[in-house]
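Reading through the C-alpha cells given below for one structure.
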Amino acid sequence: MNGKIIGIAILGITAIFGAVQWYFQTRAYYEPVRLQTLEVTFADGTLETLRPLTAEAIDADTSPLRFRACLTLDPETAARLVAAAPPVAEAVPLIAPDWFGCFDAAAIGDALASGAAQAVLAQTEVRPGADRVIAVFPDGRAYVWHQWNGRLEG
C-alpha cells in the first residue's frame, strides 16, 4: 500500500512539474509587442525604417531568440528589401508558441528552401549574439525572428 501512495505522489508531482514547465516555456514570458516600424540596415550601410501595413509581434526578455513578428509590407517595399538588404544563406526560422498562429516556422522554412521567399538580414547584434532576420515573400508578407550569429562562441 505504501508503495502505491509513493508511486502516485511521484507521478502527481511529475505531472504538475511538467505542466508548470510547459506554461513557462510557451506562455509565461511572452508579451505582445507594438511594432509600428522596423529598422533595416541595407548592404551599403544605409539605415531604413520600414512601416509595415500590418504587424503582429511577440517578445520576451528571458531570451534574445524569442522575438517573432508577422508583417505585411507593400510589394514595392518587399522588393526593395530583398534587393538592398544582405541575404542570409542559413536562415532557420525558430518555432513560435502554438498560440501565435501567424508564424508557422515549418512553412516559412519550406518557402525559403524552395525559393518562394528570400531571407535578408535586418540588423546585426540586435541583442548580444543574435541577428534579426526577415523572410520576405514577393506579395509583401514578411516574417521576422532573431537567430544566433555565432559571435558569442568562444
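The sequence shown runs contiguously to residue 348 in the numbering used here.
Built from N, CA and C at the ideal position, the CB exists for glycine as well.
Is the Cβ-Cβ distance between D253 and R245 less than 8 Å? no
Measuring alpha carbon to alpha carbon, tell me which of A263, P280 and S257 ends up nearest L232. A263
Does the pairing of the stretch 295 to 312 with the stretch 221 to 236 give three or more beta-carbon distances under 8 Å? no
Counting only the same chain and skipping the five closest in sequence on each side, list residues whose C-beta sits under 8 Å from that of E319. D325, N343 and R345
Complete alpha helix (DSSP H) runs within the stretch 246 to 334 (minimum length 4 residues, chain order): 269 to 278 and 299 to 308
Can you tell me whether L205 is buried or exposed, with buried defined as 16 or more other CB within 10 angstroms of its CB? exposed
Any idea what DSSP makes of A209, helix, strand or coil? helix
So, are the CB atoms of A329 and P287 less than 8 Å apart? yes
Contacts around A316, its chain only, beta-carbon distance under 6 Å, and the 5 residues preceding and following it disregarded: V234, R326 and I328
Alpha-carbon spacing of V276 relative to T240, whole angstroms: 14 Å
What would DSSP say about Q341, mapped onto helix, strand or coil? strand
Hey, out of E284, T256 and L267, whose CA is closest to Q219's CA? T256
For V314 versus V338, is the C-beta spacing smaller than 8 Å? no
A237 - DSSP class collapsed to helix/strand/coil: coil
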